[in-house]
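Undergrad:
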Amino acid sequence: MQALILEQQDGKTLASVQHLEESQLPAGDVTVDVHWSSLNYKDALAYHRKRENYPSFSDDSWY
Numbered sequence: 285m286q287a288l289i290l291e292q293q294d295g296k297t298l299a300s301v302q303h304l305e306e307s308q309l310p311a312g313d314v315t316v317d318v319h320w321s322s323l324n325y326k327d328a329l330a331y332h333r334k335r336e337n338y339p340s341f342s343d344d345s346w347y
């Protein structure tokens with residue numbers, strides 16, 4: 285399976301897409317058969333190390 289892996293190295297978080305075998309997963313984890321998926325916009329920016337500050341809303345009082 286393809287997996288987005290986050291690892292800490294020298295105080296930095298590194299993201300990479302890696303191939304994992306089911307046997308590499310920790311005991312007790314649940315696997316889900318996903319047919320379609322996406323990465324949200326801000327997570328994609330973080331993955332590509334874009335540091336722009338985009339507005340975010342912490343509550344729903346604006347609508």
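Just so we're aligned: the sequence shown equals residues 285 to 347 in this note's numbering.
Positions of the beta carbon are idealized from the N, C-alpha and C atoms, including for glycine.
(1) Ordered along the chain, which non-local residues of its own chain (more than five positions away) have a Cβ less than 8 Å from that of L309?
(2) Need the endpoints of the alpha helix (DSSP H) that L298 sits in, please.
(3) Using DSSP's beta-bridge definition, name the partner residues of N287.
(4) Cβ of L288 within 8 Å of Cβ of T297?
(5) Between which two residues does the alpha helix (DSSP H) carrying D313 extend?
TA: According to the structure shown:
(1) Cβ within range, chain order: T315.
(2) Per DSSP, L298 lies in no alpha helix (DSSP H); the unbroken beta strand (DSSP E) holding it starts and ends at 296 to 303.
(3) Reading the sequence as shown, one finds Ala at residue 287 and not Asn. Answer is Q302.
(4) Between L288 and T297, the gap from beta carbon to beta carbon reaches 8 Å or more.
(5) Element bounds for D313: n/a, residue is neither H nor E.
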